[in-house]
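So in this note's numbering the end of the sequence shown lands on 413, straight run, no missing numbers.
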Amino acid sequence: MEGLKLKILFKNAQAYLTEDKAINIENQTLKQQVTNFQSDAYWIIRVLKHFKQERRFFCEVISYNYGKSEFDSSQEKLTKKLNQLQSVSFKNIDTLGLLSTLLSKGKYSNRRNIRRQAVQKTQDFHSIKEDVKISTLNYQINRSFYFPIKDLAFKNGFVSFEQKFQEYQDSIKFIVENDAILEQYDAVKNYFENVLNTKKVRVTVKVDIENHQVVSSFAQSEEIERIDEELIEEVKLRFVKSTIKNSSRAEQENNLFTTEEYFETFSNGDLELKALYEDHEELIEDLLKISNTKHYDHLRYLSSKHTHELMKLRFINKPFSFVFLIEGDNRYHFIWETLNTKEATYVWSTEKSVGVIQDYLGKINEIIKTVRADGKLKYISKTEDGFRRVFHNYNKSIDGFSEWKEDLKKVLT
C-alpha cells in the first residue's frame, strides 16, 4: 500500500476513501474543518506508511481540489481492503491548500487566484484562518500501538516509556501505573515477556497539546495491568528454573556459593538476588515448588534451623544442594542436603567457635571436590572424626521424615 496514490472525497461533512464507508481523520486541523466545506471537495493523497495493526494510513497531500468527483476504477478495486481501515492521518496540511477547498473556489495550483478570492471574502478568510490557527495550536493525539517490553522502564509503582508522533516535534513520556511493579524488576524484563507470552504490550494513549506544549498525557495497557503478585511469583519461578538449568551444565572450581554468588554466576549476572527475594527461606520455598523434591520437609526443617547470622546459606550446583549451619549446645554442625538425589544427609561437627566456620567451609569445599572426582564411597570409607550420615527412609508406608528428624537430633548436640 505504501506509495499508492488515492483520492479522498469530502462530502456531507465526511471524508471517504470508498463509497461505502466514511473514514476517521486523525489530523486535528483537518478534522475540525471538514464540516466547514461549502461544497464537495477532493484531494489526491499518497500513502507514506501503512500501520496494519492500527488499521491506519499515514499520508501526504499531493493536490487540493474542489467540486464533485468520483473514485478511479483502480481505487474501486481496492474497496474491500480500504474498508478495513479505521483512520487516515496526514504528514501536514497546507493552510493555503485547505483554504482553497474550504472556500470552494479554484484549484490549489492557482495561488494568485486564491489570494484574490481571499481578499474578496475577507471576513470568511480571516474567520477560517483563525480556526486553522486555533486547531493547530490546540489538539489531541489518540493512538493505540504496540511497544516492546524490553524498552519499558520498570519503576516503583509504574512503568514508563517514550513515544514520538508525527503531530508533535518531541518524544512524549508516558506512565502506566501498577502498584505491584518494583524498580528492581527492570533487570528481569525478559522473564516478564515469557510469562506474559509476548515481547510487546499494546498501549492506548491520549495526549492534550496546547500552544505547542503537552498539558496532559494518559496511557493504559491490559498486559501491564495483568502484572500482579501471582504473575510476579511465576516470573520468580521461571527465573529460578532457568538458573538451576544453567548451573547443572557448568563446571566450577568453587563448589560452595552464597545465594548472591550462585545467582550472579548462573544467571549471567543480570540482577542482584534482592531484586526478587528478601531472604533465603523465601527462595528455598520457591525452589521446593519447582522441584518434585524428595527432601521437601527435610529442607524446610533445616532452613528453619539455619544459623544465618553466623553463616550465609551455601549452594552447590552439582548435585543441586545446600550447606546449612546449625548451632548445637556444644558444637557447630555443617549439614549437606541435596534437593532431589537419593543421598544421605552429611553432617560435619566441629568445635563451637566462630573462628572455625570459614576454615571449615574451605574443608567442605575440598571434600565435595573429592566426592565428585573419586565417588562418595571412597570418602565414606575413610574414618573421620566429626563426620556422620543420617539416612532417609523412602518407604511410603513409613513416616520417613519423622524418623530422619529424630536421628538428626541425636547428632546435633
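Don't be surprised by glycine CBs; every beta carbon is placed ideally from N, CA and C.
On a predicted model such as this, the values are computed, not experimentally measured, just so you know.
Legend entry - Sheet register partners of L325 (DSSP bridge): Mapped onto the sequence shown, residue 325 falls at position 325. According to DSSP, L325 bridges with F334.
Legend entry - Rounded Cβ spacing between V354 and L408 (contact assumed at less than 8 Å): Against the sequence shown, residue 354 aligns to sequence position 354. Against the sequence shown, residue 408 aligns to sequence position 408. About 23 Å separates the two Cβ atoms, so there is no contact after all.
Inset, instruction - Please name the residue in K91, N317 and F218 whose C-alpha comes closest to that of E167. - result: As a first step, residue 167 must be located in the sequence shown, where it is residue number 167. Closest by alpha carbon: K91.
Legend entry - Cβ-Cβ distance between V347 and R388 below 8 Å: The sequence position of residue 347 within the sequence shown is 347, counting from 1. The sequence position of residue 388 within the sequence shown is 388, counting from 1. Cβ distance < 8 Å, so V347 and R388 count as in contact.
Inset, instruction - Would you check if the distance between the CB atom of H306 and the CB atom of F401 is smaller than 8 Å? - result: Position 306 of the sequence shown, counted from the start, is the residue given in the question as residue 306. Position 401 of the sequence shown, counted from the start, is the residue given in the question as residue 401. The criterion of a C-beta distance shorter than 8 Å is not satisfied by H306 and F401.
Legend entry - Reference D177; option with closest CA among F218, V47, N197 and V214: Working through the sequence shown from its first residue, we reach residue 177 at position 177. Reading the sequence as shown, one finds Glu at residue 177 and not Asp. Comparing Cα-Cα distances from E177 to each of F218, V47, N197 and V214, the minimum goes to F218.
Legend entry - Pick from Y379, F71 and L237 that is closest to I45, judged by C-alpha positions: The residue given as residue 45 occupies position 45 in the sequence shown. Of the listed residues, the one whose Cα sits closest to I45 is F71.
Inset, instruction - Along the beta strand (DSSP E) that carries L48, what are the first and last residues, could you check? - result: As a working mapping, residue 48 is identified with position 48 in the sequence shown. L48 -> beta strand (DSSP E) spans A41 to F51.
Legend entry - Nearest neighbour of I175, chosen from Y146, Q220, V207 and K241 [CA to CA]: Reading the sequence shown from its first residue, position 175 is the one you call residue 175. If we check each option's Cα against that of I175, Q220 comes out closest.
Legend entry - The beta strand (DSSP E) enclosing L78, as first and last residue numbers: In the sequence shown, residue 78 corresponds to position 78, counting from 1. Careful: L78 lies outside any beta strand (DSSP E) and carries neither H nor E.
Inset, instruction - May I ask you to report which of helix, strand or coil DSSP gives N318? - result: For the purposes of this step, residue 318 is identified with residue 318 of the sequence shown, where counting begins at 1. Per the sequence shown, the amino acid found at residue 318 is Lys instead of Asn. In the three-state scheme derived from DSSP, where H, G and I count as helix and E and B as strand, K318 is classed as coil.
Inset, instruction - Give every residue of the same chain whose Cβ lies closer than 7 Å to the Cβ of D329, excluding the five residues on either side of it in the sequence, and list them in chain order. - result: Taking the first residue of the sequence shown as position 1, residue 329 is located at position 329. Correct list, in chain order: T413.
Inset, instruction - Measuring alpha carbon to alpha carbon, tell me which of Y301, L361 and S397 ends up nearest K312. - result: Residue numbering aside, residue 312 sits at position 312 when the sequence shown is read from its first letter. Checked all of Y301, L361 and S397; the closest Cα to K312 is L361.
Inset, instruction - Look up F147 in the DSSP assignment and give the residues it is bridged to. - result: Translated into the one-based positions of the sequence shown, residue 147 becomes position 147. Residue pairing for F147: DSSP places it in a beta bridge opposite V201.
Inset, instruction - Have a look at the DSSP bridge pairing and note the partners of A13. - result: Indexing the sequence shown from 1 puts residue 13 at position 13. Note: A13 sits in no beta bridge, so no partner.
Inset, instruction - Inspect the beta-carbon positions of S171 and E54 and report whether they are closer than 8 Å. - result: Within the sequence shown, the letter at position 171 stands for residue 171. Within the sequence shown, the letter at position 54 stands for residue 54. E54 sits away from S171, with the two beta carbons spaced by 8 Å or more.
Legend entry - Pick from T350, N156 and F51 that is closest to V88, judged by C-alpha positions: Here the question's residue 88 lines up with position 88 in the sequence shown. Closest option to V88, Cα to Cα, is F51.
Legend entry - Nearest to M1 (by Cα), restricted to the options K81, K68 and S63: Taking the sequence shown and counting its residues from 1, the one referred to as residue 1 is at position 1. Closest by alpha carbon: K81.
Legend entry - Neighbour flag for T370 against chain B, beta carbons, 8 Å: Absent from the structure: chain B. Only one protein chain is present.
Inset, instruction - Leaving aside the five residues before and after T79 along the sequence, list all residues of the same chain whose C-beta is less than 7 Å from its C-beta, in chain order. - result: Here residue 79 refers to the residue found at position 79 when the sequence shown is read from its first residue. Closer than 7 Å at Cβ, skipping near neighbours: T18 and D20.
Legend entry - Ranges of the alpha helix (DSSP H) found wholly within the stretch 214-255, counting only runs of at least 4: 222-225 and 229-248
Inset, instruction - Under the assumption that R238 contacts Y185 (Cβ atoms under 8 Å), give the Cβ distance between them as a whole number of angstroms. - result: Position 238 of the sequence shown holds residue 238. Position 185 of the sequence shown holds residue 185. The Cβ separation is near 13 Å, so there is no contact.
Legend entry - Endpoints, beta strand (DSSP E) assigned at Y168: In the sequence shown, the residue the question calls residue 168 occupies position 168. Note, Y168: premise wrong, no beta strand (DSSP E); not H, not E.
Legend entry - Residue range of the alpha helix (DSSP H) that includes E366: One-based indexing of the sequence shown puts residue 366 at position 366. Run containing E366: I357 to D374, per the alpha helix (DSSP H) assignment.
Inset, instruction - Whole angstroms is fine: what's the gap from T338's alpha carbon to L302's? - result: Within the sequence shown, residue 338 is the residue found at index 338, counting from 1. Within the sequence shown, residue 302 is the residue found at index 302, counting from 1. One C-alpha to the other measures close to 12 Å.
Inset, instruction - Could you pull the start and end residues of the beta strand (DSSP E) that N65 belongs to? - result: In the sequence shown, the residue the question calls residue 65 occupies position 65. Taken as a continuous stretch (DSSP letters only), the beta strand (DSSP E) holding N65 covers R56 to Y66.
Inset, instruction - Please report the residue range of the beta strand (DSSP E) in which E193 lies. - result: As a first step, residue 193 must be located in the sequence shown, where it is residue number 193. Segment K189 to L196 is the alpha helix (DSSP H) holding E193; no beta strand (DSSP E) there.
Inset, instruction - Express the C-alpha separation of F322 and K289 in angstroms, rounding to a whole number. - result: Taking the first residue of the sequence shown as 1, we reach residue 289 at position 289. Taking the first residue of the sequence shown as 1, we reach residue 322 at position 322. Rounded to whole angstroms, K289 to F322 spans 16 Å at the Cα level.
Inset, instruction - Could you spell out the range, first to last residue, of the beta strand (DSSP E) harbouring F391? - result: As a first step, residue 391 is located in the sequence shown; it is residue number 391 there, counting from the start. Taken as a continuous stretch (DSSP letters only), F391 belongs to no beta strand (DSSP E), as it is neither H nor E.
Legend entry - C-alpha distance - A15 paired with K49, whole-angstrom precision: In the sequence shown, the residue the question calls residue 15 occupies position 15. In the sequence shown, the residue the question calls residue 49 occupies position 49. Approximately 19 Å, taken between the alpha carbons.
Legend entry - Contacts around K369, its chain only, beta-carbon distance under 8 Å, and the 5 residues preceding and following it disregarded: Taking the sequence shown and counting its residues from 1, one reaches residue 369 at position 369. For K369, where only same-chain residues beyond five positions count, the Cβ hits under 8 Å are N255.
Legend entry - Inter-residue spacing [alpha-carbon to alpha-carbon] between L9 and E210: For the purposes of this step, residue 9 is identified with residue 9 of the sequence shown, where counting begins at 1. For the purposes of this step, residue 210 is identified with residue 210 of the sequence shown, where counting begins at 1. In a straight line, the C-alpha of L9 is about 30 Å away from that of E210.
Inset, instruction - Return the CA-CA distance between K342 and P319, expressed in angstroms with no decimal places. - result: Working through the sequence shown from its first residue, we reach residue 342 at position 342. Working through the sequence shown from its first residue, we reach residue 319 at position 319. A straight-line Cα-Cα distance of about 11 Å links K342 and P319.
Legend entry - The beta strand (DSSP E) enclosing T413, as first and last residue numbers: In the sequence shown, residue 413 corresponds to position 413, counting from 1. Neither: T413 is in no beta strand (DSSP E) and is coded neither H nor E.
Inset, instruction - Would you identify the three-state DSSP class for Q140, choosing helix, strand or coil? - result: As a first step, residue 140 is located in the sequence shown; it is residue number 140 there, counting from the start. Strand, per DSSP.
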